[in-house]
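**Q**
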Amino acid sequence: MEKTCTEVWNSCLQIIKDNIPNQSFKTWFEPISALKLEGKVLTIQVPSLFFYEWLEEHYVGLLRKTVKKQLGDEGRLEYNIVVDKSSGTGSPYTTNMPSNGNGAEAKTQSMPIPVSINKDIKNPFIIPGLKKLNVDPQLNPNYTFDNYIEGDCNRLARSAGYAVAAKPGGTSFNPLMIYGGVGLGKTHLAQAIGNEIKRNVPDKLVIYVSCEKFCQQFVDSLKNNTINDFVNFYQAMDVIIMDDVHNFAGKEKTQDIFFHIFNHLHQSGKQVILTSDKAPKDLAGLEERLLSRFKWGLSADLQVPDLETRVAILKKKMYADGIELPGEVVEYVAHNIDNNVRELEGAMVSLLAQSTLNKKDIDLALAKQMLKNFIKNTSKEISMEYIQKLVCEYFEVPVDMVKSQTRKREIVQARQISMYLSKSHTKSSLKTIGAFFGGRDHSTVIYACQTVEDLIETDKKFKAYVNDIQKKLKMS
Ligand code: ADP
Ligand code: MG
């Protein structure tokens, strides 16, 4: 007697159950139902396209074996995929696909499948029971382009981010990968893009999620058997911003899921924005196929901001907080904390906190006293850039003039003192110093040093100038 499709499928399930972990069985096989058996072709219904892809990717061998065991060598498997459950009152809209494991030549990926997402998606960010119509993008409104200071350190990333924000999914920067060390502004920039998109087009579905949170949500969805809702949610977004993707390292299952979500979004022209602490090529513990996706668009790095940018960041921050610090304090902080922006801000916040507590105005001496703990390397090297800045400020001449060809007396003096101090306070060679100060050669530097030494001995006023500047240098 002919068996029914349900009987055949149940026998298959018996075998499958014995061959895979219980949790996987529950997640991937329990939601499947047998639809029909026509000759040697068994059709099973799966709840989504993603389910189908997942089964084909991870269980195709097992499925083929079990189907052949039940139906003989000609046994074939077909999927009926529920594409859209929300199409009114009628039965769900479905589409049929053969299994690749049938030995068919066709590549599943290249099959055109009409996809529209069930609009009744569940949002993993929302506690069950608290239904919300709009998706909260999970963005911090304080991270904007407006307060993201531009500098050489971030120019490419910032402008690419801006372009993406103006036209999400519509540039070749997809995905946009922003990478760089701790505290250099990855999260700020990534969120600024999200905020800008929401500002331009409020009903774009934007979601910001840290990689860590995503991994946690994935584990939860496995536990609760809601994997399909989880994937549907992310696949329904217009823009996904995933922070710190280096945290995917070693989490293969979650990477697999993200790979599918990524493909879906990318194919539908949706924007993906990623941040990471390393360039894609240096990311360890990530699957090659995911990494190769990450390299598709644009990777832009964030560097440590230079002195000027650091000062600008501090000033912007002070302005935003409605406070004021003396210029020399700001410079002192910016000059000495030069490894990342987060520490820079931290130092300023701690200065403010202490001054409020002690009811004292912050002057340079106090700032130094307070920042002792922040500044690890006190005998740090002084840069020529900084010397040039100090000298020019002292003589009130424009900074770039010392590098020019002008022979005006006060400029020549500033230039010669800068060279002299560079010789005594940095490890730079005569050649490097000459090159820095306007492409001059080493004999010019020797001459400058001699002139300054002579003048220190013969000219009291001049000596006082140099002493003053040296004092300032040592303060830093
Ligand atoms: P990351 O994610 O790279 O570790 P964050 O984005 O959290 O770094 O940045 C650390 C802090 O520095 C944040 O408060 C951020 O606002 C600030 N910041 C970083 N870069 C800039 C910048 N270019 N302009 C203004 N603030 C910045
Ligand atoms: Mg961050």
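In our numbering, the protein residues as written are 8 to 483.
Just so you know, even glycine gets a beta-carbon here, dropped at the ideal spot from N, CA and C.
For clarity, every value in this text was computed on a predicted model and none was experimentally measured.
Closer than 7 Å from C-beta to any heavy atom of the ligand MG: which residues, in chain order?
**A** Result: K193, T194, D250, D251 and T282.
**Q** Verify the contact flag: T363, CB atom, against every heavy atom of the ligand ADP, threshold strictly below 8 Å.
**A** Because no heavy atom of the ligand ADP lies under 8 Å away, the Cβ of T363 does not count as near it: no.
**Q** Alpha carbon to alpha carbon, how far is Y86 from I280? Give it in angstroms, no decimals.
**A** Distance between the alpha carbons of I280 and Y86 is about 33 Å.
**Q** Evaluate S106 with the Cβ neighbour count: other Cβ atoms within 10 Å of its Cβ, from every protein chain shown; 16 or more gives buried, anything less gives exposed.
**A** Looking at its Cβ environment, which holds 16 or more other Cβ atoms inside 10 Å, S106 is buried.
**Q** Taking the alpha carbon of L397 as the reference point, which residue from F57, Y454 and V473 has its own alpha carbon closest?
**A** Ranking F57, Y454 and V473 by Cα distance to L397 puts V473 first.
**Q** Which first and last residues belong to the alpha helix (DSSP H) in which Y215 is found?
**A** Taken as a continuous stretch (DSSP letters only), Y215 belongs to no alpha helix (DSSP H), being part of the beta strand (DSSP E) at V213 to S217.
**Q** So V238 packs on F57, CB below 8 Å; how close in whole Å?
**A** So it is a contact: roughly 5 Å between Cβ atoms.
**Q** Do V337 and L321 come within 9 Å of each other at the CB atom, strictly closer than that value?
**A** In contact: L321 and V337 (Cβ atoms closer than 9 Å).
**Q** Can you give me the C-alpha to C-alpha distance between A421 and T413, rounded to a whole angstrom?
**A** Each residue's Cα considered, the two are about 12 Å apart.
**Q** Which residues in the same chain as E392 place their Cβ atom closer than 7 Å to its Cβ, once the five residues preceding and following it in sequence are excluded?
**A** L314, listed in sequence order.
**Q** Once DSSP output is grouped into helix, strand and coil, what is the label at R447?
**A** If DSSP states are grouped into helix, strand and coil, R447 belongs with coil.
**Q** Since I234 and T102 should fall inside the 8 Å C-beta cutoff, what is the C-beta to C-beta distance between them, to a whole number of angstroms?
**A** No, I234 and T102 are not in contact; Cβ-Cβ is about 20 Å, not under 8 Å.
**Q** Along the chain, where does the alpha helix (DSSP H) that runs through D236 open and close?
**A** Here the alpha helix (DSSP H) through D236 covers I234 to Q242.
**Q** Could you tell me whether the Cβ atoms of K211 and D250 are closer together than 9 Å?
**A** In this structure, D250 does not lie closer than 9 Å to K211 by Cβ.
**Q** Mind checking which residues open and close the alpha helix (DSSP H) that includes I320?
**A** Here the alpha helix (DSSP H) through I320 covers L314 to D328.
**Q** For V406 and Q423, which I take to be in contact (beta-carbon distance under 8 Å), what is that distance rounded to the nearest angstrom?
**A** Contact doesn't hold; Cβ gap of about 16 Å is too wide.
**Q** So, using beta-carbon positions, are Y186 and D345 closer together than 9 Å?
**A** Result no, Cβ atoms of Y186 and D345 do not sit closer than 9 Å.
**Q** Measure from the alpha carbon of Y150 to the alpha carbon of each residue in V142, V53 and K205, then state which is nearest.
**A** Among V142, V53 and K205, the Cα nearest to that of Y150 belongs to K205.
**Q** Please confirm whether L272 and I247 have their CB atoms less than 9 Å apart.
**A** Their beta carbons are under 9 Å apart, which means L272 touches I247 by this criterion.
**Q** Going by other Cβ atoms of all chains shown within 10 Å of its Cβ, with 16 needed for buried, is L364 buried or exposed?
**A** L364 comes out exposed.
**Q** For V348, is the beta carbon positioned less than 8 Å from some heavy atom of the ligand ADP?
**A** V348: yes, Cβ under 8 Å from the ligand ADP.
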